[in-house]
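Working notes, structure below.
In this note's numbering, the protein residues as written are 37 to 178.
The structure is reproduced here in structure tokens:
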């Protein structure tokens, strides 16, 4: 049984956001762990623009249904671009690296970690609410 299309774009987007935020948290944690490593350049995961582009294109994932007749209506929202969003790892060096060449600004990284954690928690809470609504619909009770 194929379940493509069971969930709406919001659920797919929130799921992808949770995945990307978890990857970002790992990179930030790595930056903090290497705060005293000589010549270390911190990295971050950039994915917001890519995610917005996938949403604007109207693609959620899955395969595109074949058009077998000229009068068939094209189905929007099936193209795979939301599922293919993986973000891009970029180096984010400090403006003034330390004497050992380390470019990690600990305060900056801690701020990024806090912001990312808040966004992760918000995505998880919204995803839980959406799934709770689906669960209620399946049960048929309020």
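For glycine and all other residues, C-beta sits at the position ideal for the given N, C-alpha and C.
- Using 10 angstroms around the beta-carbon of residue 169, count the other beta-carbons present and answer buried if the total reaches 16, otherwise exposed. exposed
- Message: Applying the 10 Å Cβ sphere with the 16-neighbour rule, what's the burial state of residue 164?
- Response: exposed
- Query: Anyone know if the C-beta pair for residue 122 and residue 54 falls short of 9 Å?
  - Reply: no
- Message: Taking only three categories from DSSP, how would you classify residue 121?
- Response: coil
- Query: What's the gap between the Cα of residue 90 and the Cα of residue 118?
  - Reply: 5 Å
- Residues near residue 73 in its chain [Cβ-Cβ closer than 7 Å; skip 5 each side]: 138
- residue 99 classed as buried or exposed, judged by whether at least 16 other C-beta atoms fall within 10 angstroms: Bear in mind that a pLDDT of 44 at residue 99, under 50, signals an unreliable position, so the model cannot answer this.
- What is the DSSP secondary structure of residue 93, reduced to helix, strand or coil? Secondary structure at residue 93: coil, using DSSP grouped into helix, strand and coil.
- If you count every other CB in all the chains shown that lies within 10 Å of the CB of residue 143, and 16 or more means buried, which is it? The residue in question, residue 143, is exposed, as its Cβ has fewer than 16 Cβ neighbours within 10 Å.
- Message: Assuming residue 64 and residue 145 are in contact, meaning their beta carbons sit under 8 Å apart, how far apart are those beta carbons, in whole angstroms?
- Response: 6 Å
- Assuming residue 69 and residue 156 make a contact with CB atoms under 8 Å, what is their CB distance in whole Å? With 8 Å as the limit, residue 69 and residue 156 do not qualify as a contact, their Cβ atoms being about 19 Å apart.
- With distances taken between CB atoms, is the gap from residue 135 to residue 83 smaller than 9 Å? no
- Query: So what does DSSP say about residue 127, is it helix, strand or coil?
  - Reply: strand
- Query: Should residue 62 go down as buried or exposed, given a rule of 16 or more other Cβ atoms within 10 Å for buried?
  - Reply: exposed
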